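Enquirer: Numbering (full-length UniProt numbering), first residue to last: 1 to 164. Sharing a structure with you now.
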């Protein structure tokens with residue numbers, strides 16, 4: 001496991017005139033952000049003062065943001081924490097950040113490429129795998145349901161029946 005940054009939220013705009021920001025959340029909700037004292041925001045450290053549920057996500061106040069203009073200037077900025085700051089996982093759980101970038105093999109031993117995304121359209125997680133580039137052309141992509149994937153420390157094994 002590397003200590004790469006993990007995005008927990010993104011600033012999507014200002015809320016009010018005192019510097020509060022609206023957040024799009026990528027985790028367990030507004031309450032889960034309270035366990036972090038600060039966030040990296042494109043190289044700038046923001047200290048969390050308060051957070052509450054809000055329209056389409058959450059509303060937060062950071063010590064370093066005092067005006068609506070400062071809040072608006074951060075629109076589109078990702079809020080990250082180091083991977084090591086995340087809580088430990090239970091059996092069978094995983095963080096997307098730990099899976100994206102893993103190399104993939106089929107259960108028959110064929111090299112498939114690497115995981116580039118994880119989606120969930122309502123019926124469970126689906127991984128997106130990009131095959132290696134061929135003759136300068138970007139590799140083709142395919143998707144497989146997470147239930148067909150066995151995760152190992154440094155790779156993912158996909159049941160061969162789900163490989164195109």
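Built from N, CA and C at the ideal position, the CB exists for glycine as well. Keep in mind the model is a prediction, meaning the values are calculated, not measured.
Per DSSP, which one or two residues make a beta bridge with residue 142?
Expert: Answer is 129.
Enquirer: Examine the Cβ distances between the segment 14-26 and the segment 46-64 and report whether three or more of them are shorter than 8 Å.
Expert: Counting Cβ pairs under 8 Å, three or more are found: they touch.
Enquirer: Going by DSSP, what residue range makes up the alpha helix (DSSP H) through residue 71?
Expert: It spans 68-73 - the alpha helix (DSSP H) in which residue 71 sits, taken as one unbroken run.
Enquirer: Which complete alpha helix (DSSP H) runs does the UniProt domain "RimM N-terminal" (8-84) hold, if anything under 4 residues is left out?
Expert: If we require 4 residues or more, the alpha helix (DSSP H) runs fully inside the UniProt domain "RimM N-terminal" (8-84) come out as 30-33 and 68-73.
Enquirer: For residue 111, list the residues DSSP reports as bridge partners.
Expert: Partner(s): 105.
Enquirer: Does the Cβ of residue 121 have 16 or more other Cβ atoms within 10 Å, making it buried, or fewer, making it exposed?
Expert: It is exposed - the Cβ of residue 121 has fewer than 16 other Cβ atoms within 10 Å.
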